[in-house]
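2 protein chains.
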Amino acid sequence: MTTKSALPTGTPPPAKPRVRDRIRDSAADLFYRHGIRGVCVDAIVEDAGTNKMSFYRSFPSKDDLVAEYLSDQACEYWSWWDAAVAPHAGDPRRQVEALMQAVVDLVKSGSKPDCGCRSSRGCALGNAAVEIPEENEKLGAIVHEYKTEIRRRLRKYAREMGAREPDVLGDALMLLIEGGYYTRLTFPGNSGPVTAIAKAARALIDTHLG
Amino acid sequence: MTTKSALPTGTPPPAKPRVRDRIRDSAADLFYRHGIRGVCVDAIVEDAGTNKMSFYRSFPSKDDLVAEYLSDQACEYWSWWDAAVAPHAGDPRRQVEALMQAVVDLVKSGSKPDCGCRSSRGCALGNAAVEIPEENEKLGAIVHEYKTEIRRRLRKYAREMGAREPDVLGDALMLLIEGGYYTRLTFPGNSGPVTAIAKAARALIDTHLG
DNA sequence: CACGTGAGTGACTGGTCAGTAACTTTTCGC
DNA sequence: GCGAAAAGTTACTGACCAGTCACTCACGTG
Numbered sequence: 001m002t003t004k005s006a007l008p009t010g011t012p013p014p015a016k017p018r019v020r021d022r023i024r025d026s027a028a029d030l031f032y033r034h035g036i037r038g039v040c041v042d043a044i045v046e047d048a049g050t051n052k053m054s055f056y057r058s059f060p061s062k063d064d065l066v067a068e069y070l071s072d073q074a075c076e077y078w079s080w081w082d083a084a085v086a087p088h089a090g091d092p093r094r095q096v097e098a099l100m101q102a103v104v105d106l107v108k109s110g111s112k113p114d115c116g117c118r119s120s121r122g123c124a125l126g127n128a129a130v131e132i133p134e135e136n137e138k139l140g141a142i143v144h145e146y147k148t149e150i151r152r153r154l155r156k157y158a159r160e161m162g163a164r165e166p167d168v169l170g171d172a173l174m175l176l177i178e179g180g181y182y183t184r185l186t187f188p189g190n191s192g193p194v195t196a197i198a199k200a201a202r203a204l205i206d207t208h209l210g
Numbered sequence: 211m212t213t214k215s216a217l218p219t220g221t222p223p224p225a226k227p228r229v230r231d232r233i234r235d236s237a238a239d240l241f242y243r244h245g246i247r248g249v250c251v252d253a254i255v256e257d258a259g260t261n262k263m264s265f266y267r268s269f270p271s272k273d274d275l276v277a278e279y280l281s282d283q284a285c286e287y288w289s290w291w292d293a294a295v296a297p298h299a300g301d302p303r304r305q306v307e308a309l310m311q312a313v314v315d316l317v318k319s320g321s322k323p324d325c326g327c328r329s330s331r332g333c334a335l336g337n338a339a340v341e342i343p344e345e346n347e348k349l350g351a352i353v354h355e356y357k358t359e360i361r362r363r364l365r366k367y368a369r370e371m372g373a374r375e376p377d378v379l380g381d382a383l384m385l386l387i388e389g390g391y392y393t394r395l396t397f398p399g400n401s402g403p404v405t406a407i408a409k410a411a412r413a414l415i416d417t418h419l420g
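For the record, the sequence lines run as chains A and B. Residue numbering for the first sequence follows my numbering, beginning at 1 and increasing consecutively. Residue numbering for the second sequence follows my numbering, beginning at 211 and increasing consecutively.
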């Protein structure tokens, strides 16, 4: 049997997913859908098509996986954010407006069962904050840093667009976004108040610029 | 030993709390602080100074207690809401402003350790929505009804104050409130964006009336 | 071929948790 | 004081769940 070394060097191997990555993927999906406390290691392992021993070879504990899950989600979120605002670089107002529209699209995702993406359950990190016990400073810190960065960015946009009280405007925009995620948990699709987010953001910006 | 039957009939007995009520009180406290899935029956029972048998004599299951907890919280919330807006009956704009200020006060509660009230962890019902599994329609319905009523009331205020797009304004106000509760989980006291809520609400109202 | 590594199997420990059974004690109205 | 109802005690079942142990199997590389 010939080895695969004959393949053109430019082509990476078909990237058969390693166990560790399969676990991460399954965990991300299950944690998001059912909550962290609602998913046991066995369920993750089964979904990933592996077994508990392989799990504990890759992760010291469930808590470590949770930490990685949260960091991953934050990472993904910043990519999504950057992609949403990129087309309007240099125009902070348009950036915020694009972001708000992106939030609506994100939140309403899953209302159409034909789309492959999982149904939205709001903010993975925010939801985790509900479940994380107070004593767990490690996980709490991840969420806190993440939410602080959201706040920092929105205040920065407000400052850049010349708002009179940039911190107030930034915080108000954050409340709208977070409220959109939070209410998504109770209102399916875009049937909730989140659809008002774009108009509300525009009104707030107008007030702070006028 | 004389019986208490000599008390004036108008005075209800000193209401020494029955086991059932003690369980409800303990559950409310523990569920709110640690989340529903984070509190086991034994913990509730111990906090209430009773035992598991008495628990299951009063409640068919933990889930039934949870349902009662959610209904109770909703009830308390409406009392709080009504009290906040009562001084400004007939002036919907002032009512909304008073409500917003009340939200800030509520959310920041617990930042001063000297006050007896428990530290705020946002909205009990909203947090429950994170933990409730999708299949549990009974609990989900309680939360949904509650959030729908919030929405209904805010839209009503918006209509009464003559807003151009009352539903949009009402929904926007709701996003601000919900965002305030949600972010409270990550930002202690009133260090979070919630402090911007009053100014934001005023700005939104002005826009929709102007 | 040998060897190391990554992955799989099944059984197990120790702990937690919802819920039950049988029985005793306390409380309270009459 | 008496009897019924409310509450307490102890012990238990069965399920679940995090984490471990000892061992086997499949590869790819030198």
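C-beta: ideal position from N, C-alpha, C; glycine also. Keep in mind the model is a prediction, meaning the values are calculated, not measured.
Listed along the chain, the chain B residues whose CB falls inside 8 Å of the CB of H88 of chain A amount to none; the nearest CB is some 23 Å away. Put simply, the backbone Cα of H354 of chain B is about 19 Å away from that of G390 of chain B. Going by beta carbons, L395 of chain B and P193 of chain A fall outside the 8 Å limit.
Inter-residue distance for A43 of chain A and A124 of chain A is about 19 Å (C-alpha atoms, whole angstroms). Using a CB distance below 7 Å, the part of the stretch 135-155 of chain A facing chain B consists of V143, H144, K147 and R151, ordered along the chain.
The Cβ of E131 of chain A sits closer than 8 Å to at least one Cβ of chain B. Contacts with chain B at 8 Å (Cβ-Cβ) do not include L65 of chain A. G210 of chain A is classed as exposed because its beta carbon has fewer than 16 other beta carbons within 10 Å across all chains shown.
Listed in chain order, the alpha helix (DSSP H) elements of length 4 or more contained wholly in the stretch 316-398 of chain B are 334-341, 347-370 and 376-394. Residue-level contact by beta carbon holds for D416 of chain B and chain A, with a gap shorter than 8 Å. DSSP, read as helix, strand or coil, puts V39 of chain A in coil. Three or more Cβ pairs closer than 8 Å define a contact, and the stretch 21-29 of chain A meets that threshold against the stretch 45-59 of chain A. Ranking A:R155, A:E178 and A:N190 by CA distance to the CA of H208 of chain A puts A:R155 first.
In the DSSP assignment, H418 of chain B falls within the unbroken alpha helix (DSSP H) covering I407 to L419. Under the Cβ criterion of 8 Å, N51 of chain A is not counted among the residues facing chain B. Measuring C-alpha to C-alpha distances from R37 of chain A to each of A:L99, A:Q73 and A:A129 identifies A:A129 as the nearest. Around the beta carbon of D381 of chain B, 16 or more other beta carbons lie within 10 angstroms, which makes this residue buried. For R164 of chain A, the nearest beta carbon of chain B is not closer than 8 Å to its own beta carbon. For A277 of chain B, the uninterrupted alpha helix (DSSP H) run begins and ends at K272 to V295, by DSSP.
For R24 of chain A, the enclosing alpha helix (DSSP H) covers residues V19 to H34. About 6 Å separates the beta carbon of G122 of chain A from that of Y182 of chain A, a gap short enough to meet the 8 Å contact definition. By the 16-neighbour rule on beta-carbons within 10 angstroms, T195 of chain A is buried.
Of all residues in the stretch 377-390 of chain B, the ones placed with a Cβ closer than 9 Å to any Cβ belonging to chain A are D377, V378, L379, G380, D381, A382, L383, M384, L385, L386, I387, E388, G389 and G390, in chain order. Counting the other CB atoms within 10 Å of its CB gives E341 of chain B a total of 16 or more, which places it among the buried residues. A residue is called buried once 16 or more other Cβ atoms fall within 10 Å of its Cβ, and S289 of chain B, having fewer, is exposed. In this structure, B:S319 is the residue among B:M263, B:S319, B:D292 and B:L414 with its C-alpha nearest to the C-alpha of N400 of chain B. For the stretch 390-408 of chain B, the set of residues with a beta-carbon nearer than 9 Å to any beta-carbon of chain A comprises G390, Y391, Y392, T393, L395, T396, F397, G402, P403, V404, T405, A406 and I407, in chain order. Spatial neighbours of R202 of chain A in its own chain (CB-CB distance under 8 Å, excluding positions within 5 residues in sequence) are listed in chain order as E97. Within the stretch 226-251 of chain B, the residues whose Cβ lies closer than 9 Å to some Cβ of chain A are R243, H244, G245, R247 and G248, listed in chain order. The DSSP-derived three-state label of A312 of chain B is helix. Within chain A, A172, L175 and L204 have C-beta atoms less than 7 Å from the C-beta of A410 of chain B, given in sequence order.
In the DSSP assignment, F55 of chain A falls within the alpha helix (DSSP H) that extends over K52 to S58. Secondary structure at D257 of chain B: helix, using DSSP grouped into helix, strand and coil.
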